[in-house]
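Colleague: First, the structure itself, so that you have it in front of you.
Protein chains: 4
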Amino acid sequence: MIANPIPENSPHSRSAPAGRQKIIDALKSLLAEKEFAAITWTDIATRAGVNEGLIHKYFGNPRNLLFQVLKDFVQYYWERIRLDLGGIDGALDKLRKIVWNLLTIYSSEPVFGRILLLEVRNLPGYFESDTYTIHRYWARLTKTIIEEGIARGEIRADVSAFDMMNVIYGAIEHCCLPAILFGRPIDPDRLTVSICRILFEPIAPHTDGPSR
Amino acid sequence: MIANPIPENSPHSRSAPAGRQKIIDALKSLLAEKEFAAITWTDIATRAGVNEGLIHKYFGNPRNLLFQVLKDFVQYYWERIRLDLGGIDGALDKLRKIVWNLLTIYSSEPVFGRILLLEVRNLPGYFESDTYTIHRYWARLTKTIIEEGIARGEIRADVSAFDMMNVIYGAIEHCCLPAILFGRPIDPDRLTVSICRILFEPIAPHTDGPSR
Amino acid sequence: MIANPIPENSPHSRSAPAGRQKIIDALKSLLAEKEFAAITWTDIATRAGVNEGLIHKYFGNPRNLLFQVLKDFVQYYWERIRLDLGGIDGALDKLRKIVWNLLTIYSSEPVFGRILLLEVRNLPGYFESDTYTIHRYWARLTKTIIEEGIARGEIRADVSAFDMMNVIYGAIEHCCLPAILFGRPIDPDRLTVSICRILFEPIAPHTDGPSR
Amino acid sequence: MIANPIPENSPHSRSAPAGRQKIIDALKSLLAEKEFAAITWTDIATRAGVNEGLIHKYFGNPRNLLFQVLKDFVQYYWERIRLDLGGIDGALDKLRKIVWNLLTIYSSEPVFGRILLLEVRNLPGYFESDTYTIHRYWARLTKTIIEEGIARGEIRADVSAFDMMNVIYGAIEHCCLPAILFGRPIDPDRLTVSICRILFEPIAPHTDGPSR
DNA sequence: TATGAATGAGGTTTCATTCAT
DNA sequence: AATGAATGAAACCTCATTCAT
Numbered sequence: 410m411i412a413n414p415i416p417e418n419s420p421h422s423r424s425a426p427a428g429r430q431k432i433i434d435a436l437k438s439l440l441a442e443k444e445f446a447a448i449t450w451t452d453i454a455t456r457a458g459v460n461e462g463l464i465h466k467y468f469g470n471p472r473n474l475l476f477q478v479l480k481d482f483v484q485y486y487w488e489r490i491r492l493d494l495g496g497i498d499g500a501l502d503k504l505r506k507i508v509w510n511l512l513t514i515y516s517s518e519p520v521f522g523r524i525l526l527l528e529v530r531n532l533p534g535y536f537e538s539d540t541y542t543i544h545r546y547w548a549r550l551t552k553t554i555i556e557e558g559i560a561r562g563e564i565r566a567d568v569s570a571f572d573m574m575n576v577i578y579g580a581i582e583h584c585c586l587p588a589i590l591f592g593r594p595i596d597p598d599r600l601t602v603s604i605c606r607i608l609f610e611p612i613a614p615h616t617d618g619p620s621r
Numbered sequence: 410m411i412a413n414p415i416p417e418n419s420p421h422s423r424s425a426p427a428g429r430q431k432i433i434d435a436l437k438s439l440l441a442e443k444e445f446a447a448i449t450w451t452d453i454a455t456r457a458g459v460n461e462g463l464i465h466k467y468f469g470n471p472r473n474l475l476f477q478v479l480k481d482f483v484q485y486y487w488e489r490i491r492l493d494l495g496g497i498d499g500a501l502d503k504l505r506k507i508v509w510n511l512l513t514i515y516s517s518e519p520v521f522g523r524i525l526l527l528e529v530r531n532l533p534g535y536f537e538s539d540t541y542t543i544h545r546y547w548a549r550l551t552k553t554i555i556e557e558g559i560a561r562g563e564i565r566a567d568v569s570a571f572d573m574m575n576v577i578y579g580a581i582e583h584c585c586l587p588a589i590l591f592g593r594p595i596d597p598d599r600l601t602v603s604i605c606r607i608l609f610e611p612i613a614p615h616t617d618g619p620s621r
Numbered sequence: 410m411i412a413n414p415i416p417e418n419s420p421h422s423r424s425a426p427a428g429r430q431k432i433i434d435a436l437k438s439l440l441a442e443k444e445f446a447a448i449t450w451t452d453i454a455t456r457a458g459v460n461e462g463l464i465h466k467y468f469g470n471p472r473n474l475l476f477q478v479l480k481d482f483v484q485y486y487w488e489r490i491r492l493d494l495g496g497i498d499g500a501l502d503k504l505r506k507i508v509w510n511l512l513t514i515y516s517s518e519p520v521f522g523r524i525l526l527l528e529v530r531n532l533p534g535y536f537e538s539d540t541y542t543i544h545r546y547w548a549r550l551t552k553t554i555i556e557e558g559i560a561r562g563e564i565r566a567d568v569s570a571f572d573m574m575n576v577i578y579g580a581i582e583h584c585c586l587p588a589i590l591f592g593r594p595i596d597p598d599r600l601t602v603s604i605c606r607i608l609f610e611p612i613a614p615h616t617d618g619p620s621r
Numbered sequence: 410m411i412a413n414p415i416p417e418n419s420p421h422s423r424s425a426p427a428g429r430q431k432i433i434d435a436l437k438s439l440l441a442e443k444e445f446a447a448i449t450w451t452d453i454a455t456r457a458g459v460n461e462g463l464i465h466k467y468f469g470n471p472r473n474l475l476f477q478v479l480k481d482f483v484q485y486y487w488e489r490i491r492l493d494l495g496g497i498d499g500a501l502d503k504l505r506k507i508v509w510n511l512l513t514i515y516s517s518e519p520v521f522g523r524i525l526l527l528e529v530r531n532l533p534g535y536f537e538s539d540t541y542t543i544h545r546y547w548a549r550l551t552k553t554i555i556e557e558g559i560a561r562g563e564i565r566a567d568v569s570a571f572d573m574m575n576v577i578y579g580a581i582e583h584c585c586l587p588a589i590l591f592g593r594p595i596d597p598d599r600l601t602v603s604i605c606r607i608l609f610e611p612i613a614p615h616t617d618g619p620s621r
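Residue numbers (this note's numbering), protein chains in the order written: chain W, 410 to 621; chain Z, 410 to 621; chain E, 410 to 621; chain A, 410 to 621.
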């Protein structure tokens with residue numbers, strides 16, 4: 410029996426069992442040191458100063474624990490980005506904002522970056538997890554913005570919104586991954602300009618003027 | 410241009426012992442069925458009809474075996490792409506050719522695609538493996554082509570060749586990954602057009618004409 | 410005759426705490442779904458909507474809980490059978506009535522049948538439990554009936570009452586067990602006739618007439 | 410991967426791995442001391458002087474090990490009984506022989522008796538095991554003998570062969586079980602006479618003579 | 001070159017049980 | 001009377017690895 414599946418931060422969750430939070434913190438702390446696949450029940454329990462059985466009780470297994478941690482993380486940023494898009498009008502400007510936001514996240518949270526870009530996709534059950542659901546909302550929102558841009562004549566109509574969304578996320582991820590892997594810093598401002606120039610402006614020089 | 414990085418290893422690979430090849434084939438066959446992380450020595454030995462100790466003798470551990478298999482695969486296609494670029498002149502046309510080639514590989518070899526895009530990057534030692542070395546040559550070749558394009562005025566000078574290389578690979582990979590994961594087919598011809606339009610042409614409609 | 414062996418236990422069982430009864434009901438409900446050995450404290454507590462510690466408090470362990478449930482069950486039917494034998498005179502008719510009663514019980518309560526015929530006999534402590542005590546009274550009653558039958562000349566004197574009692578119960582149980590295990594229905598009326606014919610009448614055909 | 414599933418005593422089984430036999434012997438020895446359900450991997454491995462992994466390799470788990478041991482046991486006696494029936498002509502005499510044989514087995518092998526009559530029927534997978542298959546052959550043979558007896562006029566035609574078979578086995582088992590459980594000796598000769606008198610002869614006294 | 005046999009070691013999982021509130 | 005939180009302990013199971021032949 411696993412307690413509290415997706416408790417959705419119940420309003421008065423009576424301070425949430427101490428052990429539960431200790432376990433979550435222990436995992437976060439361990440993830441900064443080694444890859445998830447190498448983390449054992451014993452590692453987590455020891456770090457949390459808690460019995461292994463408690464992990465089972467609250468999360469069933471470390472995978473679910475990870476999914477829970479990731480969900481909290483991703484959900485938080487998803488909200489932030491949605492708010493951040495308010496008041497921006499042009500589709501390209503919105504996309505630019507998304508690019509900058511994601512680069513900033515990966516820049517300031519390289520550990521989560523490594524897990525999200527690399528490790529979690531291998532885990533059985535990921536594509537049924539809440540984390541992936543939120544990821545899909547992200548993708549869908551992006552695609553919608555592109556489609557609106559096309560509808561409003563800001564983006565040429567012969568572009569596939571789906572492909573463009575993939576290109577954008579691929580660009581972001583592939584620009585961050587090596588930096589994350591090798592511990593190099595990411596400069597979100599510079600990278601945003603660079604990526605958007607490549608994606609949004611004509612590649613050829615000497616046109617009479619850039620597209621914006 | 411860049412020379413073939415990894416020397417054809419085994420000088421006497423003609424006399425390759427039967428068991429060694431059987432082990433390699435067994436791994437390939439197993440990879441089509443389940444992810445590498447879930448494959449055990451016993452699995453491989455059983456499938457190969459060989460004793461487990463033999464894997465240990467020849468490869469030390471299954472990771473090295475995988476790296477060997479991947480190296481053979483990647484090296485083969487690396488050669489093919491290098492040959493394929495011969496006679497193409499424009500930088501953009503070369504890049505387009507690379508995009509098409511990679512899409513075609515992922516389309517026809519989804520199993521290897523899954524491993525290269527997803528699984529192998531998690532394995533300890535990957536970034537010291539021959540496979541990654543070849544991967545880096547690939548990236549460097551691409552970057553060189555971009556730089557040549559800039560030098561020859563085909564690509565605007567305010568673009569970072571490094572970033573552009575990452576954007577291209579990110580685009581390719583992110584367009585293929587979902588298809589590979591969920592077993593959907595990839596249409597290399599269509600995708601090449603779509604990706605290159607997004608990357609190489611102005612995003613805005615109504616310009617007097619596309620850049621090429 | 411034989412007196413009711415087990416006194417109605419709880420003097421104040423009217424004020425039986427709610428949790429206690431919920432636990433009992435939970436076990437009954439679970440037994441319909443899986444074998445006793447596979448039922449855990451957590452299962453019971455969850456089903457009862459009660460804390461695990463409460464089982465411990467009331468019953469010490471699930472075995473005692475099971476014994477309690479079985480005792481209630483067995484005691485109820487024991488009373489019914491005793492009443493049912495009233496007014497029947499011949500020993501063979503009494504035995505026939507017992508056979509029919511037991512077949513009827515197993516037919517209508519296959520879950521308890523499974524537990525009594527199969528599972529409970531494996532449990533440590535069963536042969537010291539009230540349930541087994543009642544079972545022995547049952548056996549003793551049966552043996553007494555047979556002995557009376559012998560004394561009254563209804564049953565031949567060279568038959569061991571003890572063995573005959575065992576044969577009767579063995580016959581009943583072995584006829585029911587496969588049905589219970591494989592979920593087939595039991596026809597008490599037909600089976601009573603069949604079993605009693607085999608046990609009470611001569612096996613050979615063509616005798617001048619059946620024995621009664 | 411479990412080695413050697415039902416190896417059917419391969420002709421030149423190269424002396425069968427020492428460890429395998431040690432494991433089998435260890436289980437047999439332990440079964441004399443406690444019930445199967447209480448025997449752990451560690452118990453068996455320790456007693457056998459062998460690593461626990463070896464149990465997994467050869468049998469998968471202790472249940473399969475038990476089924477293997479039981480199968481060998483049951484198969485041996487099944488063969489003996491089949492041979493023993495040779496040359497006996499009358500159906501009732503054949504049945505009497507079966508009764509005596511089974512009683513003798515339970516008498517001389519009370520440990521196996523306890524397991525076969527009590528424990529094994531609870532184990533998941535038993536009804537798919539080889540042991541149960543052999544058990545069914547036994548039952549079928551018995552039923553066939555009864556049917557032949559009916560066809561040849563030795564057994565009255567209004568008797569259900571299926572029920573009679575069940576009555577016979579029930580009688581045997583229920584006469585042995587208490588003795589096995591409480592460690593009392595079984596007298597096969599006396600019990601055979603007693604059971605067959607009850608089953609085959611008229612229950613009422615004063616008939617002109619027993620049925621045979 | 002290749003195998004069968006065997007092992008050490010540790011991860012994973014499940015439970016019954018306790019205790020403060 | 002009842003609960004939530006937590007634990008200790010052990011069973012189960014799997015693997016990589018070794019070694020004599």
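Every residue, glycine too, gets a C-beta built ideally from N, C-alpha and C.
Note that this is a predicted model, so its numbers are computed, not measured.
1) Give a yes or no on whether the minimum CB-CB distance between W:Tyr578 and chain Z is below 7 Å.
2) Is Z:His544 close to chain W, meaning its C-beta is less than 7 Å from at least one C-beta of that chain?
3) Using the three-state DSSP reduction, which class does W:Asn418 fall into: helix, strand or coil?
4) What separation, rounded to the nearest whole angstrom, lies between the Cα atoms of Z:Asp502 and Z:Ile607?
5) Is W:Glu557 close to chain Z, meaning its C-beta is less than 7 Å from at least one C-beta of that chain?
6) For A:Ile543, collect the residues of the same chain with a Cβ closer than 8 Å to its Cβ; drop the 5 residues on either side in sequence, then sort them by chain order.
7) Since I believe A:Ile554 is in contact with A:Ala500 (beta carbons under 8 Å), could you give me their beta-carbon distance rounded to a whole number of angstroms?
8) DSSP on A:Ser569, reduced to helix/strand/coil?
9) Of the residues W:Arg561, W:Ser569 and W:Trp509, which one's Cα is nearest the Cα of W:Pro597?
10) Using 8 Å as the cut-off, can you tell me whether the stretch 527 to 535 of chain E makes contact with the stretch 519 to 539 of chain A, which would need three or more C-beta pairs spanning the two stretches below that distance?
11) Buried or exposed, going by whether 16 or more other CB atoms sit within 10 Å of the CB of A:His583?
12) Would you mind reading off the limits of the alpha helix (DSSP H) that contains W:Leu630?
13) Check this for me: beta carbons of E:Lys506 and E:Ile514, under 7 Å apart or not?
14) Is it buried or exposed, W:Asn575, if we count other Cβ atoms within 10 angstroms and call 16 or more buried?
15) Using a Cβ-Cβ distance under 7 Å, would Z:Pro594 count as near chain W?
16) If contact means a Cβ-Cβ distance below 7 Å, which residues of the stretch 519 to 531 of chain A contact chain E?
17) Which of the three DSSP states, helix, strand or coil, is assigned to E:Val576?
18) Use the C-beta contact count for E:Pro471: other C-beta atoms within 10 angstroms, 16 or more gives buried, fewer gives exposed.
19) Using beta-carbon positions only, say whether Z:Phe476 and Z:Ser538 come within less than 7 Å of one another.
20) Please list, in chain order, the residues of the stretch 598 to 609 of chain E that have any C-beta partner in chain A closer than 8 Å.
21) Taking the straight line between their C-alpha atoms, what separation do you get for A:Val459 and A:Pro426?
22) With DSSP as the reference, label W:Val520 as helix, strand or coil.
23) Using a Cβ-Cβ cut-off of 7 Å, state whether Z:Ile612 counts as contacting chain W.
24) Taking E:Ser396 as part of the alpha helix (DSSP H), name the residues at either end of that continuous run.
25) When the distance is taken between beta carbons, is A:Ala570 closer than 7 Å to A:Glu556?
26) Give, in chain order, every unbroken run of the alpha helix (DSSP H) that is at least 4 residues long and sits entirely within the stretch 591 to 620 of chain W.
27) Between the alpha carbons of W:Tyr546 and W:Arg489, how many angstroms are there, rounded?
28) Please tell me whether Z:Val568 and Z:Leu440 are closer than 7 Å, where the distance is taken between their beta carbons.
29) Secondary structure at E:Ile411, three-state DSSP: helix, strand or coil?
30) Per DSSP, what kind of secondary structure is E:Gly558 in: helix, strand or coil?
31) W:Pro611: which of Z:Met573, Z:Arg599, Z:Leu600 and Z:Leu586 sits nearest, CA to CA?
32) Just the chain A side, please: which residues come within less than 9 Å of E:Ala566 by C-beta, in chain order?
33) Cβ atoms of A:Glu442 and A:Trp450: under 7 Å apart, would you say?
Modeller: A quick look at the data gives this:
1) Within the first sequence, the letter at position 169 stands for residue 578 of chain W. Closer than 7 Å: yes.
2) The residue labelled residue 544 of chain Z in the question sits at position 135 within the second sequence. With 7 Å as the cut-off, Z:His544 does not count as an interface residue toward chain W.
3) Walking along the first sequence from the start, residue 418 of chain W turns up at place 9. At W:Asn418 the pLDDT is 41, less than 50, meaning the model places this residue with poor confidence; the figure from the coordinates comes in the next sentence. Looking at W:Asn418 - three-state DSSP - the assignment turns out to be coil, as it is neither helix nor strand.
4) Here residue 502 of chain Z corresponds to residue number 93 of the second sequence, with the count starting at 1. Here residue 607 of chain Z corresponds to residue number 198 of the second sequence, with the count starting at 1. About 15 Å.
5) For the purposes of this step, residue 557 of chain W is taken as residue 148 along the first sequence, with counting starting at 1. So, not an interface residue.
6) Against the fourth sequence, residue 543 of chain A aligns to sequence position 134. Same-chain partners within the cutoff: Lys480, Val483, Gln484 and Trp487.
7) Reading the fourth sequence from its first residue, position 91 is the one you call residue 500 of chain A. Reading the fourth sequence from its first residue, position 145 is the one you call residue 554 of chain A. Indeed, because the Cβ distance is near 5 Å, the residues count as touching under 8 Å.
8) Residue 569 of chain A sits at position 160 when you count from the first residue of the fourth sequence. Residue state, collapsed to three classes: coil.
9) Position 188 of the first sequence, counting from 1, holds the residue named residue 597 of chain W. Cα-wise, what sits closest to W:Pro597 is W:Trp509.
10) yes
11) Translated into the one-based positions of the fourth sequence, residue 583 of chain A becomes position 174. The residue is buried, with at least 16 neighbouring Cβ atoms inside 10 Å.
12) Because chain W spans 410 through 621 in this model, residue 630 of chain W falls outside it and cannot be assessed.
13) In the third sequence, counting from the first residue as 1, residue 506 of chain E sits at position 97. In the third sequence, counting from the first residue as 1, residue 514 of chain E sits at position 105. No, they are not a contact pair.
14) Position 166 of the first sequence, counted from the start, is the residue given in the question as residue 575 of chain W. The residue is buried, with at least 16 neighbouring Cβ atoms inside 10 Å.
15) By one-based count along the second sequence, residue 594 of chain Z stands at place 185. It does not: the Cβ of Z:Pro594 has no partner Cβ on chain W nearer than 7 Å.
16) Leu527, Glu528, Arg530 and Asn531
17) Locating residue 576 of chain E in the third sequence gives position 167, where the first residue counts as 1. In the structure shown, E:Val576 sits in a helix (DSSP, three-state: H, G or I).
18) Locating residue 471 of chain E in the third sequence gives position 62, where the first residue counts as 1. Flag for E:Pro471 reads buried.
19) Residue numbering aside, residue 476 of chain Z sits at position 67 when the second sequence is read from its first letter. Residue numbering aside, residue 538 of chain Z sits at position 129 when the second sequence is read from its first letter. Yes. Within cutoff.
20) Leu600, Ser603, Ile604, Arg606, Ile607, Leu608 and Phe609
21) Along the fourth sequence, one-based indexing puts residue 459 of chain A at 50. Along the fourth sequence, one-based indexing puts residue 426 of chain A at 17. Going from the Cα of A:Val459 to the Cα of A:Pro426 covers about 12 Å.
22) By one-based count along the first sequence, residue 520 of chain W stands at place 111. Correct three-state label for W:Val520: helix.
23) In the second sequence, residue 612 of chain Z corresponds to position 203, counting from 1. Closer than 7 Å: yes.
24) Within the shown structure, residues of chain E are numbered from 410 to 621, placing residue 396 of chain E beyond reach of any answer.
25) Against the fourth sequence, residue 556 of chain A aligns to sequence position 147. Against the fourth sequence, residue 570 of chain A aligns to sequence position 161. It is a contact, given that the beta carbons lie within the stated cut-off.
26) 597 to 609
27) Walking along the first sequence from the start, residue 546 of chain W turns up at place 137. Walking along the first sequence from the start, residue 489 of chain W turns up at place 80. Each residue's Cα considered, the two are about 14 Å apart.
28) Along the second sequence, read from residue 1 onward, the residue named residue 568 of chain Z stands at position 159. Along the second sequence, read from residue 1 onward, the residue named residue 440 of chain Z stands at position 31. Not a contact, by the Cβ cut-off of 7 Å.
29) Residue numbering aside, residue 411 of chain E sits at position 2 when the third sequence is read from its first letter. Interpretation of E:Ile411 is limited by its pLDDT of 46, a score under 50 that renders its predicted location unreliable; the figure taken from the coordinates is listed afterwards. Residue state, collapsed to three classes: coil.
30) Indexing the third sequence from 1 puts residue 558 of chain E at position 149. In this structure, E:Gly558 counts as helix in the three-state DSSP scheme.
31) As a first step, residue 611 of chain W is located in the first sequence; it is residue number 202 there, counting from the start. If we check each option's Cα against that of W:Pro611, Z:Met573 comes out closest.
32) By 1-based counting over the third sequence, the position of residue 566 of chain E is 157. Correct list: Pro614.
33) Counted from its first residue, the fourth sequence places residue 450 of chain A at position 41. Counted from its first residue, the fourth sequence places residue 442 of chain A at position 33. Going by C-beta atoms, A:Trp450 is not nearer than 7 Å to A:Glu442.
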